[in-house]
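> 36 is the number of the first residue of the sequence shown in this note's numbering; add one for each residue after it. Cβ atoms here follow ideal geometry from the backbone N, Cα and C, with glycine treated the same way.
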Amino acid sequence: MNYLFSSAMDKFQSSAVRDILKLTQGKSIISFAGGLPAEELFPLEAVQEAYDRVFAQGKGVLQYGLTEGCTPLREALCERMRGKGMNLTPNEMILTTGSQQAIDLLTRVMIDPGDRILVQEPTYLAALQVFQAAGAVVHSVKGDEDGMDPEDLAAKLKQHQPKFVYVVPTFSNPTGYVWSTERRLSLLKLCREHNALIIEDDPYGELQYGADDHFPSILSLDEHPHGSAVVYTSTFSKTVAPALRTGWAIGDPAIIRHMARAKQAADLHSSSIDQLALYQLLSHFDLDAHIRVIRREYGARMKKMTTLLKPLAAAGLRWNEPKGGMFLWAQLPEHQRSDVLMKEAVQHGVAFVPGATFFAENPKHNAMRLNFTHANDEQLTLGVERLAAAMKVLQNA
Ligand SMILES: Cc1ncc(COP(=O)(O)O)c(C=O)c1O
Numbered sequence: 036m037n038y039l040f041s042s043a044m045d046k047f048q049s050s051a052v053r054d055i056l057k058l059t060q061g062k063s064i065i066s067f068a069g070g071l072p073a074e075e076l077f078p079l080e081a082v083q084e085a086y087d088r089v090f091a092q093g094k095g096v097l098q099y100g101l102t103e104g105c106t107p108l109r110e111a112l113c114e115r116m117r118g119k120g121m122n123l124t125p126n127e128m129i130l131t132t133g134s135q136q137a138i139d140l141l142t143r144v145m146i147d148p149g150d151r152i153l154v155q156e157p158t159y160l161a162a163l164q165v166f167q168a169a170g171a172v173v174h175s176v177k178g179d180e181d182g183m184d185p186e187d188l189a190a191k192l193k194q195h196q197p198k199f200v201y202v203v204p205t206f207s208n209p210t211g212y213v214w215s216t217e218r219r220l221s222l223l224k225l226c227r228e229h230n231a232l233i234i235e236d237d238p239y240g241e242l243q244y245g246a247d248d249h250f251p252s253i254l255s256l257d258e259h260p261h262g263s264a265v266v267y268t269s270t271f272s273k274t275v276a277p278a279l280r281t282g283w284a285i286g287d288p289a290i291i292r293h294m295a296r297a298k299q300a301a302d303l304h305s306s307s308i309d310q311l312a313l314y315q316l317l318s319h320f321d322l323d324a325h326i327r328v329i330r331r332e333y334g335a336r337m338k339k340m341t342t343l344l345k346p347l348a349a350a351g352l353r354w355n356e357p358k359g360g361m362f363l364w365a366q367l368p369e370h371q372r373s374d375v376l377m378k379e380a381v382q383h384g385v386a387f388v389p390g391a392t393f394f395a396e397n398p399k400h401n402a403m404r405l406n407f408t409h410a411n412d413e414q415l416t417l418g419v420e421r422l423a424a425a426m427k428v429l430q431n432a
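#1: Have a look at Ala425, Met361 and Gln196 and flag the residue whose alpha-carbon is nearest the alpha-carbon of Gly211.
#2: Compute every distance between the C-beta of Ser272 and the non-hydrogen atoms of ligand 1, then say whether any falls below 7 Å.
#3: Could you check if Gly133 belongs to the surroundings of ligand 1, using beta carbon to heavy atom distance under 7 Å?
#4: If we define contact as Cβ-Cβ less than 8 Å, is Pro204 a contact residue for chain B?
#5: Arg143 and Gln196 - do their beta-carbons sit closer together than 8 Å?
#6: Residues in the same chain with beta-carbon distance under 6 Å from Ser221, minus the five sequence neighbours each way, listed in chain order, please.
#7: Just to confirm, is the Cβ distance from Leu225 to Leu254 under 8 Å?
#8: Answer yes or no: do Glu379 and Leu429 have a C-beta to C-beta separation smaller than 8 Å?
#9: Cα separation between Glu80 and Phe320?
#10: Answer yes or no: do Asn401 and Leu367 have a C-beta to C-beta separation smaller than 8 Å?
#11: Relative to the C-alpha of Arg372, which candidate in Gln92, Gly262 and Phe387 has its C-alpha closest?
#12: Hey, is the stretch 231-241 in contact with the stretch 95-112, meaning 3+ C-beta pairs nearer than 8 Å?
#13: If distances are taken between C-alpha atoms only, which option among Thr205, Thr102 and Gly286 comes closest to Tyr244?
#14: For Glu332, name the three-state secondary structure that DSSP assigns.
#15: Is it right to say Tyr333 is buried, meaning 16 or more other beta carbons lie within 10 angstroms of its own, or is it exposed?
#16: Can you grab the Cα-Cα spacing for the pair Glu75 / Asp147, in whole Å?
#17: For the beta strand (DSSP E) that Met128 lies in, which residues bound it at each end?
#18: Starting from Val14, trace the alpha helix (DSSP H) both ways and give me its first and last residue.
#19: Is any non-hydrogen atom of ligand 1 found closer than 7 Å to the C-beta of Asp321, if you look at the structure I gave you?
#20: Report buried or exposed for Asn406, applying the criterion of at least 16 other Cβ atoms within 10 angstroms of its Cβ.
#21: What number of angstroms, rounded off, separates the C-alpha of His304 from the C-alpha of Asp179?
#22: Alpha carbon to alpha carbon, what distance is there between Lys46 and Tyr38?
#23: Please list the terminal residues of the continuous alpha helix (DSSP H) segment that includes Val419.
#24: Over what stretch of residues does the beta strand (DSSP E) that includes Leu123 continue unbroken?
#25: Starting from Ile440, trace the alpha helix (DSSP H) both ways and give me its first and last residue.
#26: Is it buried or exposed for Ser272, if we count other Cβ within 10 angstroms and need 16 for buried?
#27: Would the beta-carbon of Ala43 fall within 8 Å of that of Ala190?
#28: Is Leu344 closer than 8 Å to Met426 when the C-beta atoms are compared?
#29: Is Pro277 near Pro209, with beta carbons less than 8 Å apart?
#30: Suppose the cutoff is 6 Å on Cβ atoms and the five residues either side in sequence are ignored; what does the same chain contact list for Arg353 look like?
#31: What would DSSP say about Phe362, mapped onto helix, strand or coil?
#32: What's the C-alpha gap between Asn397 and His370?
#33: Give me the Cα-Cα distance between Tyr86 and Pro107, rounded to the nearest whole angstrom.
#34: Mind checking whether the beta-carbon of Gly286 lies closer than 7 Å to any heavy atom of ligand 1?
#35: Considering Asp236, what are the terminal residues of the beta strand (DSSP E) in which it resides?
#36: According to DSSP, is Tyr314 part of a helix, a strand, or is it coil?
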């Protein structure tokens, strides 16, 4: 049989992260590669109780549900979002199968083949895959630790007239950088001027390590009551557990209605059992106290990793100390390649993601993304030792 796949499949790049995870199968590799939360922090008992409460409601909970998502959870989430300065009603929200589906649905409702999208440089790989599969032309905007460079952004908005600008402004994947309020405001102003929508992807915003830090979402800074310039998406994947596959998008009702139509075609609705369980969880479990535990633990793991990395500075390795999230961004000296190091590192029993994979254009070959949330204390120590050994081999080669 000659399988006649669609031309869109040619545009689907295989995920470098998944390819690396395949390499590590069956070997005792310490992985700094995936974006996995710490399993030991999953609130297993509270989640189990939440499902028990749902099943106690009877057979009706097994019925089909609304495409937009279960109403009590949307109402509870709106309340939570209001606490973060985002004023909204449930008709401005849709529940999705993870925030990944929110990115996919938005792309379906906004993008025709050939349309332009701007992203920050570097950016979230699986969003790039969605955009490329939709036939979009993706351009990246230069930036630094404070966010997109307003001058480059203004020039590229003018030059490319993108349908939207996709950003992860708070503890970005892959860099862990957090945008300044000034840069958030300048993005809003410039996108309004050029009629480009902002897609604010915020899976990590709750994972800040400093108790007093405040990083306002771009949506909360958008003061226009109607015709919001921002579609905001977030998820329970990092605060509760990714297996629940529950995320949400907030935006103008016109956009949410279109997303609901696209979602009907995709899957009718996301699992209502999981949504009902999350509603029970929010009603009977102190999620904020749980998030404080995660923040403390991830902050400690980040400190541990950066302390362990210190001796590697002599070999030219540079990295940032993120204020939240799950990743740090490390850079080898300019002439060295992180994909070459990766092959050696796997031989030594440690994995990470080479940075080039996160660029839509002009890849940086000396960068790499290190995840510090999944490995425990002992694994962090051993993993960095192995990384150091792999770097030594390359330097002596
Ligand atoms: C920036 C970013 N957006 C979206 C997602 C998707 O998360 P989920 O679909 O589990 O909500 C991730 C997952 O790691 C991510 O890093």
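Based on what the coordinates show:
#1: Here residue 211 is taken as the residue at index 176 of the sequence shown, counted from 1. Taking only the C-alpha atoms, the option nearest Gly211 is Met361.
#2: Taking the first residue of the sequence shown as 1, we reach residue 272 at position 237. Checking the Cβ of Ser272 against ligand 1 gives yes.
#3: On the sequence shown, residue 133 is found 98 positions in, with the first residue counted as 1. True, at least one ligand heavy atom lies under 7 Å from that Cβ.
#4: Absence of chain B from the displayed structure is noted, only one protein chain being present.
#5: On the sequence shown, position 161 is the one that residue 196 refers to. On the sequence shown, position 108 is the one that residue 143 refers to. Taking 8 Å as the Cβ cut-off, Gln196 and Arg143 do not qualify as a contacting pair.
#6: Sequence index remark: in the sequence shown, residue 221 carries index 186 (1-based). Closer than 6 Å at Cβ, skipping near neighbours: Pro185.
#7: Residue numbering aside, residue 225 sits at position 190 when the sequence shown is read from its first letter. Residue numbering aside, residue 254 sits at position 219 when the sequence shown is read from its first letter. Their beta carbons are not under 8 Å apart, which means Leu225 does not touch Leu254 by this criterion.
#8: Position 344 of the sequence shown, counted from the start, is the residue given in the question as residue 379. Position 394 of the sequence shown, counted from the start, is the residue given in the question as residue 429. In this structure, Leu429 lies closer than 8 Å to Glu379 by Cβ.
#9: To locate residue 80, count along the sequence shown from 1; it is residue 45. To locate residue 320, count along the sequence shown from 1; it is residue 285. Those two C-alpha atoms are separated by around 10 Å.
#10: Here residue 401 refers to the residue found at position 366 when the sequence shown is read from its first residue. Here residue 367 refers to the residue found at position 332 when the sequence shown is read from its first residue. Cβ distance < 8 Å, so Asn401 and Leu367 count as in contact.
#11: Counted from its first residue, the sequence shown places residue 372 at position 337. Selected option, being the one with the closest Cα: Phe387.
#12: no
#13: By one-based count along the sequence shown, residue 244 stands at place 209. Nearest option by C-alpha distance: Thr205.
#14: Stepping through the sequence shown from its first residue, residue 332 is reached at position 297. Three-state result, Glu332: helix.
#15: The residue labelled residue 333 in the question sits at position 298 within the sequence shown. The residue in question, Tyr333, is buried, as its Cβ has 16 or more Cβ neighbours within 10 Å.
#16: Residue mapping note: residue 75 aligns to position 40 of the sequence shown, counting from 1. Residue mapping note: residue 147 aligns to position 112 of the sequence shown, counting from 1. Their Cα atoms are separated by approximately 43 Å.
#17: In the sequence shown, counting from the first residue as 1, residue 128 sits at position 93. Start and end: Met128 to Thr132.
#18: Since the first residue of the chain shown is 36 and the last is 432, residue 14 is not available in this structure.
#19: Position 286 of the sequence shown, counting from 1, holds the residue named residue 321. Flag unset: Cβ of Asp321 not near ligand 1.
#20: As a working note, residue 406 is residue 371 in the sequence shown. Result: buried.
#21: Taking the first residue of the sequence shown as 1, we reach residue 304 at position 269. Taking the first residue of the sequence shown as 1, we reach residue 179 at position 144. Their Cα atoms are separated by approximately 39 Å.
#22: Residue 38 sits at position 3 when you count from the first residue of the sequence shown. Residue 46 sits at position 11 when you count from the first residue of the sequence shown. Near 17 Å, if we compare the C-alpha coordinates of Lys46 and Tyr38.
#23: Counted from its first residue, the sequence shown places residue 419 at position 384. Counting along the chain, the alpha helix (DSSP H) containing Val419 begins and ends at Asp412 to Asn431.
#24: Within the sequence shown, the letter at position 88 stands for residue 123. Careful: Leu123 lies outside any beta strand (DSSP E) and carries neither H nor E.
#25: Any answer about residue 440 is impossible in this case: the structure gives the chain only from 36 up to 432.
#26: Counting from one through the sequence shown, the residue named residue 272 turns up at place 237. Result: buried.
#27: In the sequence shown, residue 43 corresponds to position 8, counting from 1. In the sequence shown, residue 190 corresponds to position 155, counting from 1. Going by C-beta atoms, Ala43 is not nearer than 8 Å to Ala190.
#28: Translated into the one-based positions of the sequence shown, residue 426 becomes position 391. Translated into the one-based positions of the sequence shown, residue 344 becomes position 309. In this structure, Leu344 does not lie closer than 8 Å to Met426 by Cβ.
#29: As a working mapping, residue 277 is identified with position 242 in the sequence shown. As a working mapping, residue 209 is identified with position 174 in the sequence shown. Not in contact: Pro277 and Pro209 (Cβ atoms no closer than 8 Å).
#30: Translated into the one-based positions of the sequence shown, residue 353 becomes position 318. Same-chain partners within the cutoff: Gln366.
#31: For the purposes of this step, residue 362 is taken as the residue at position 327 of the sequence shown. Strand.
#32: Sequence index remark: in the sequence shown, residue 397 carries index 362 (1-based). Sequence index remark: in the sequence shown, residue 370 carries index 335 (1-based). Each residue's alpha carbon lies about 15 Å from the other.
#33: For the purposes of this step, residue 86 is taken as the residue at position 51 of the sequence shown. For the purposes of this step, residue 107 is taken as the residue at position 72 of the sequence shown. Roughly 15 Å separates the two Cα atoms.
#34: Against the sequence shown, residue 286 aligns to sequence position 251. Checking the Cβ of Gly286 against ligand 1 gives no.
#35: Indexing the sequence shown from 1 puts residue 236 at position 201. Residues Leu232 to Asp236.
#36: Within the sequence shown, residue 314 is the residue found at index 279, counting from 1. The answer is helix: DSSP assigns Tyr314 an H, G or I state.
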